[in-house]
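**Student:** The sequence shown begins at 1 in this note's numbering and counts up one residue at a time.
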Amino acid sequence: MFTSTRGVRAALTGLSVLAAGAGLLVAPTPAQAAEHVYGAIAISQRTGNTASAINYATATAAKRAAEAKCRASDCQWVVQMDRNCGAVTQQPRTLRWGWAYGPTRRSAEVTAAHHSGSGSRTILWACTAGA
Numbered sequence: 001m002f003t004s005t006r007g008v009r010a011a012l013t014g015l016s017v018l019a020a021g022a023g024l025l026v027a028p029t030p031a032q033a034a035e036h037v038y039g040a041i042a043i044s045q046r047t048g049n050t051a052s053a054i055n056y057a058t059a060t061a062a063k064r065a066a067e068a069k070c071r072a073s074d075c076q077w078v079v080q081m082d083r084n085c086g087a088v089t090q091q092p093r094t095l096r097w098g099w100a101y102g103p104t105r106r107s108a109e110v111t112a113a114h115h116s117g118s119g120s121r122t123i124l125w126a127c128t129a130g131a
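Laid out in structure tokens, this is it:
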């Protein structure tokens, strides 16, 4: 128990500093505040058109935007991204498509190329903010 007002004042000041410090730990940084940043890639396998849409607030908005930008009646989204990267590849001889997402452009491209086959080339890649 404290016997002087100086001791009580010091204890209260210490608690105030501790509480203020705890508040700083809890407050989100701008990067943490945006938990999700969505993107999508769409392709038309008939025409070969591709399009990406990045940095949307919802996955649905990103998918719809990519499909609209693709400009073909058969465009469909094939990659959805959330604070990461996506890529679409195609094997030039077989015309086989591959697509993937990953934490980096390179990882998305490598995985997509694995799906489309040896000798594939990257047709489109995109990364959302925070990737």
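From the three backbone atoms N, C-alpha and C, an ideal C-beta is built for every residue, glycine too.
Based on Cα-Cα distance, which residue from ALA131, VAL78, SER118 and ARG106 lies nearest to THR94?
**Tutor:** SER118
**Student:** Compute the beta-carbon to beta-carbon distance between ALA51 and GLY39, rounded to the nearest angstrom, for a pair I have assumed lies under 8 Å.
**Tutor:** The Cβ separation is near 11 Å, so there is no contact.
**Student:** According to the Cβ coordinates, are ASN84 and ALA131 closer than 7 Å?
**Tutor:** yes
**Student:** Select from ALA87, GLU35 and ARG121 the residue whose C-alpha is nearest the C-alpha of SER107.
**Tutor:** ALA87
**Student:** Rounding to the nearest angstrom, what Cα-Cα distance links THR111 and ALA59 in this structure?
**Tutor:** A direct Cα-Cα distance of roughly 22 Å separates THR111 from ALA59.
**Student:** Spell out the partners DSSP gives LEU124 in its beta bridges.
**Tutor:** VAL88
**Student:** Hey, how far is the Cα of THR122 from the Cα of SER44?
**Tutor:** 15 Å
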